[in-house]
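Novice: Heads up: the sequence shown is residues 2 to 635, going by the working numbering.
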Amino acid sequence: MKKKLLCIMICALCVIFSSAVSAVSDEKKAELYQHDIDMTVLSDYIYGGSKATDGEAISFGYAEVPNEWTRHKRPEDLPLVGKAVIHIGHEGKEGVVWASFYPGTPPINYHSKRLDELIEIGYFPIGSEYSRVEGNANRAFIAFNTSEFDVVAYNDQWVAVWSTGGVDASRGIGAPCGGTKYIPYGSYKPGVYFFHRKNCYILDINNQLAEPPEIKALGTATCTLIVKTSPDATDYVEAGIYKPNQSFQIVDATPVNGHYKVYYKHGIYYVNSDYVNIKLNNIKKPIITYTALFNPGDLKSVDIKSAAAQNAEVVGKAKSGATANIVELDYNDDFAKLWFNSKECFIEKKYLTNYQKTASGSGIAKLGTPIGVMVIDTPWKAYGQLALSPEAFEVYKEYNYGTSFGDGNMMAKLLSIEGGLSKMEENDWANVYKIEDFKYAPDPEFPREVEKCKLYTILFDGNVRYVIQNVDQYCTFNFYPGNGYNKSTVAKTQSIYVDLDKYDVLAYNIDGNNYFKIRDIAKMLSGTVKTFDISYDASTNSIDMLSYFDYTEVGGELTRGDGVTRTAYSSSAFLTYDGIPIRANCYNIDGNNYFKLRDITDALDCRVVWDGDNQLIKINTGMPAYDDPDEAVG
Numbered sequence: 002m003k004k005k006l007l008c009i010m011i012c013a014l015c016v017i018f019s020s021a022v023s024a025v026s027d028e029k030k031a032e033l034y035q036h037d038i039d040m041t042v043l044s045d046y047i048y049g050g051s052k053a054t055d056g057e058a059i060s061f062g063y064a065e066v067p068n069e070w071t072r073h074k075r076p077e078d079l080p081l082v083g084k085a086v087i088h089i090g091h092e093g094k095e096g097v098v099w100a101s102f103y104p105g106t107p108p109i110n111y112h113s114k115r116l117d118e119l120i121e122i123g124y125f126p127i128g129s130e131y132s133r134v135e136g137n138a139n140r141a142f143i144a145f146n147t148s149e150f151d152v153v154a155y156n157d158q159w160v161a162v163w164s165t166g167g168v169d170a171s172r173g174i175g176a177p178c179g180g181t182k183y184i185p186y187g188s189y190k191p192g193v194y195f196f197h198r199k200n201c202y203i204l205d206i207n208n209q210l211a212e213p214p215e216i217k218a219l220g221t222a223t224c225t226l227i228v229k230t231s232p233d234a235t236d237y238v239e240a241g242i243y244k245p246n247q248s249f250q251i252v253d254a255t256p257v258n259g260h261y262k263v264y265y266k267h268g269i270y271y272v273n274s275d276y277v278n279i280k281l282n283n284i285k286k287p288i289i290t291y292t293a294l295f296n297p298g299d300l301k302s303v304d305i306k307s308a309a310a311q312n313a314e315v316v317g318k319a320k321s322g323a324t325a326n327i328v329e330l331d332y333n334d335d336f337a338k339l340w341f342n343s344k345e346c347f348i349e350k351k352y353l354t355n356y357q358k359t360a361s362g363s364g365i366a367k368l369g370t371p372i373g374v375m376v377i378d379t380p381w382k383a384y385g386q387l388a389l390s391p392e393a394f395e396v397y398k399e400y401n402y403g404t405s406f407g408d409g410n411m412m413a414k415l416l417s418i419e420g421g422l423s424k425m426e427e428n429d430w431a432n433v434y435k436i437e438d439f440k441y442a443p444d445p446e447f448p449r450e451v452e453k454c455k456l457y458t459i460l461f462d463g464n465v466r467y468v469i470q471n472v473d474q475y476c477t478f479n480f481y482p483g484n485g486y487n488k489s490t491v492a493k494t495q496s497i498y499v500d501l502d503k504y505d506v507l508a509y510n511i512d513g514n515n516y517f518k519i520r521d522i523a524k525m526l527s528g529t530v531k532t533f534d535i536s537y538d539a540s541t542n543s544i545d546m547l548s549y550f551d552y553t554e555v556g557g558e559l560t561r562g563d564g565v566t567r568t569a570y571s572s573s574a575f576l577t578y579d580g581i582p583i584r585a586n587c588y589n590i591d592g593n594n595y596f597k598l599r600d601i602t603d604a605l606d607c608r609v610v611w612d613g614d615n616q617l618i619k620i621n622t623g624m625p626a627y628d629d630p631d632e633a634v635g
């Protein structure tokens, strides 16, 4: 009897517990989907709805159609609750996604209804006979990956969006890869349509901010990282992704429920803190000797640890393709020391691959003082010049300086070397440290027929590189000994917007590019997420940019141009970013070092745009230097 009573009590508790779980789940659902799809309201706005044309008409003038077919903006009484960005998976896959007339099984065959109505207005599309089948009843139109739409409601299955509509006036015909003819889907009325939520990143209006927040740290994704509307492991709406090695802004450096709060597309969102390499302010990064890629093998991810021991605390995780910054490759037999979360951490070497040795200021200093400058400025300058890394140069020698191509193995080997080849373009220049004469026989069967060449050792792209020049062939560059390469330039005042702040600062235009004092650039970026400080190492003649460090003023920053013409001399000083040389030629004008602005913004990974209409420069510190063609979030 007691056992039976106990079982009854346990069952009762299970019922109570499951009810509680259900209630919590419903509560979370209400939080996640505050703009739930209500078809009793939206039915007036879907295809042919009575209120679908309440919005302002948009006339493009290419098709005269009845009002219900004319493009219309979203009606004011249909609230905007966010933006939807169309995507296919999380890898930036190219392709199209179908929009539906109705969320789920439609009450009528909307596609056939559309075709009948197009016949009535005289725009019957060619090829319709191929598409009037029951399986197409809910197919409205196609949207390409990265397309954006206004969201009016959404739930855990569907996203309701507003489309302005349109009529295919050409009535042409086409078919993707021999499939269903798609032109019949090129005409649709303005109204609310539906996408599967799996194909939409949603930027919820509740997460958007009127003003940017204070940024407390920077993060780098160590895997494909989902951007979420809430800090929850399972209950969230996908707002986008960060790709491996992509950097982003962190609003709070203390995780919330295992998630960092981030500033993403003008709003507050969350990412899993386990897969974030966080960079804190004013912590100097040690010299990175190698970069490598994390390689979990058969594991889901690899653990980054606080000490070089199997039982050490796990401080982060990474998946295949993320970059590791190695401080000491052979810390012991099993572990390498790396820089992670702004401190020294450890990783088992068996989980690393694709090692690349990084250049260093001390390594370049060993080359000595430059003997002159190589400039791509001859009549053949349009061809550019190939510069080889030391590893690529060894491959080039192996194949008799490019004359023994064999079965194409040489080029395959060259292309397999990370950073092995650099192309010097017109007006590019590089400091030259050594020029050597050598000879070789292109054809081993005729050893007396030799080619005479010169080998130039240069610094380009932040690395020691080699340029080979056959003395009997055309040459794309000139060599200027000493500091004989210089330019005459005028000190002008250039307007620059850094985010929302405007500066009028001294600039020199050389070969169509604006050059600024490095300290002026640091001052303008001070206080932004791209803040950096400057230090000079006399032993290597290098200027170091210390990333995410508060800038230390020295006085004289942000002066205006005085209109005086001065001489800009090529400088032997070179620029490093956290100790690693970067691509940035330096001119010295009246004792100050000047750099091309885009070289600096590229190193910092922030966007710079020239506004030709207003003759000003715009720097957006929150955007990457260049758009990623494979970006999945549009």
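Every residue gets a Cβ at the ideal spot worked out from N, C-alpha and C, and that includes glycine.
Let me know the secondary structure DSSP gives Glu-395 once reduced to three states.
Specialist: In this structure, Glu-395 counts as helix in the three-state DSSP scheme.
Novice: Are the beta-carbon atoms belonging to Ala-383 and Ile-418 less than 7 Å from one another?
Specialist: Not a contact, by the Cβ cut-off of 7 Å.
Novice: Pull up the CB-CB distance for Ile-327 and Thr-290, whole angstroms please, since I reckon it's below 8 Å.
Specialist: Contact holds; Cβ gap of about 6 Å.
Novice: Am I right that Ile-305 and Phe-341 are in contact with their C-beta atoms under 8 Å? What's the rounded C-beta distance?
Specialist: Contact flag correct, Cβ pair sits at about 5 Å.
Novice: Quick check: Ala-138 and Ser-101, are their CB atoms within less than 7 Å of each other?
Specialist: Taking 7 Å as the Cβ cut-off, Ala-138 and Ser-101 do not qualify as a contacting pair.
Novice: What would DSSP say about Ala-604, mapped onto helix, strand or coil?
Specialist: Helix, per DSSP.
Novice: Using the rule of at least 16 other Cβ atoms within 10 Å of the residue's Cβ for burial, across every protein chain shown, is Arg-72 buried or exposed?
Specialist: Answer is buried; the Cβ neighbour count reaches 16.
Novice: Give me the Cβ distance between Met-546 and Phe-533, rounded to the nearest whole Å; I'm assuming they're in contact under 8 Å.
Specialist: With a Cβ gap of about 5 Å, Met-546 and Phe-533 count as contacting.
Novice: Where does Tyr-352 sit, in a helix, a strand or coil, going by DSSP?
Specialist: In this structure, Tyr-352 counts as helix in the three-state DSSP scheme.
Novice: Could you tell me whether the segment 235-248 touches the segment 211-224, using the rule of 3 or more Cβ pairs below 8 Å?
Specialist: Cβ pair count under 8 Å is three or more, so yes.
Novice: Tell whether a beta-carbon distance below 7 Å holds between Ala-604 and Ile-590.
Specialist: Contact flag unset, no.
Novice: Straight-line CA distance for Arg-561 to Leu-617?
Specialist: Distance between the alpha carbons of Arg-561 and Leu-617: 14 Å.
Novice: Do you know how far the Cα of Asn-586 is from the Cα of Val-374?
Specialist: Cα to Cα, Val-374 sits roughly 11 Å from Asn-586.
Novice: Using the C-alpha atoms, what's the distance from Asn-615 back to Ser-571?
Specialist: Near 31 Å, if we compare the C-alpha coordinates of Asn-615 and Ser-571.
Novice: Indicate the three-state DSSP secondary structure (helix, strand or coil) for His-36 in the structure shown.
Specialist: Of the three classes helix, strand and coil, the one that applies to His-36 here is coil, per DSSP.
Novice: Please name the residue in Glu-345, Tyr-356 and Ser-489 whose C-alpha comes closest to that of Ala-323.
Specialist: The shortest Cα separation from Ala-323 among Glu-345, Tyr-356 and Ser-489 belongs to Tyr-356.
Novice: Alpha carbons only, please: which of Asp-512, Gly-513 and Ser-148 is nearest the one belonging to Glu-94?
Specialist: Here residue 94 is Lys; the residue named in the question, Glu, does not match the sequence. Out of Asp-512, Gly-513 and Ser-148, Ser-148 has the C-alpha closest to the C-alpha of Lys-94.
Novice: Alpha helix (DSSP H) containing Arg-466: first to last residue?
Specialist: Arg-466 -> not in any alpha helix (DSSP H); beta strand (DSSP E) instead, spanning 464-471.
Novice: Using CA coordinates, which residue listed in Asp-331, Val-468, Lys-301 and Glu-345 is at the minimum distance from Val-316?
Specialist: Taking only the C-alpha atoms, the option nearest Val-316 is Glu-345.
Novice: Check this for me: beta carbons of Gly-49 and Pro-76, under 7 Å apart or not?
Specialist: For Gly-49 and Pro-76, no; Cβs fall outside 7 Å.
Novice: To which residues does DSSP link Ser-263 through a beta bridge?
Specialist: The question names Ser, but residue 263 is Val in the sequence shown. According to DSSP, Val-263 bridges with Ile-251 and Tyr-270.
Novice: Looking only at its chain, what residues have a beta carbon closer than 7 Å to the beta carbon of Tyr-578, apart from the 5 residues adjacent to it on each side?
Specialist: Excluding residues within five positions, the ones whose Cβ falls inside 7 Å are Met-546, Ser-548 and Ala-604.
Novice: Assuming the contact rule is C-beta atoms closer than 8 Å, Asn-273 and His-260 should be a hit. Round their C-beta distance to whole Å, please.
Specialist: Contact holds; Cβ gap of about 6 Å.
Novice: Under 8 Å Cβ to Cβ from Ala-24, same chain only, skipping five residues before and after it: list those, please.
Specialist: Annotation note: pLDDT 41 at Ala-24 (below 50); position unreliable, coordinate value reported separately. Cβ within range, chain order: n/a, list empty.
Novice: Within a Cβ cutoff of 8 Å, which residues of the same chain sit near Asp-612, ignoring the five residues on either side of it in sequence?
Specialist: For Asp-612, where only same-chain residues beyond five positions count, the Cβ hits under 8 Å are Ile-618 and Lys-619.
Novice: Using only alpha-carbon positions, find the residue among Tyr-402, Pro-107 and Gly-463 that is nearest to Lys-440.
Specialist: Lys-440 has its Cα closest to that of Tyr-402, out of Tyr-402, Pro-107 and Gly-463.
Novice: Taking the C-alpha atoms as reference points, what is the distance between Thr-622 and Ile-436?
Specialist: Taking the straight line joining both Cα atoms gives about 41 Å.
Novice: Mind reading off the beta-carbon distance from Ala-1 to Phe-336? Whole number of angstroms is fine, and I expect it under 8 Å.
Specialist: Here the chain has residues from 2 to 635 only, and residue 1 is not among them.
Novice: Rounded to whole angstroms, what is the Cα-Cα separation between His-91 and Tyr-276?
Specialist: Using only the alpha carbons, I get a separation of about 16 Å.
Novice: Note down the Cα distance separating Cys-476 from Val-565, rounded to an integer number of angstroms.
Specialist: Distance between the alpha carbons of Cys-476 and Val-565 is about 35 Å.
Novice: Which residue from Gly-192, Pro-214 and Gly-105 puts its Cα closest to that of Gly-528?
Specialist: Nearest of Gly-192, Pro-214 and Gly-105 to Gly-528, Cα basis: Pro-214.
Novice: Rounded to a whole number of angstroms, what is the C-alpha to C-alpha distance between Pro-371 and Tyr-434?
Specialist: In a straight line, the C-alpha of Pro-371 is about 4 Å away from that of Tyr-434.
Novice: Looking only at DSSP bridge pairs, what is Gln-495 linked to?
Specialist: In DSSP, Gln-495 forms a bridge with Val-506.
Novice: So what's His-112 in DSSP terms, helix, strand or just coil?
Specialist: Helix.
Novice: Do you know how far the Cα of Asn-594 is from the Cα of Lys-518?
Specialist: Spanning the two alpha carbons is a distance of roughly 6 Å.
Novice: Just the Cα atoms here: how many angstroms apart are Glu-446 and Leu-456?
Specialist: Roughly 24 Å between the two C-alpha positions.
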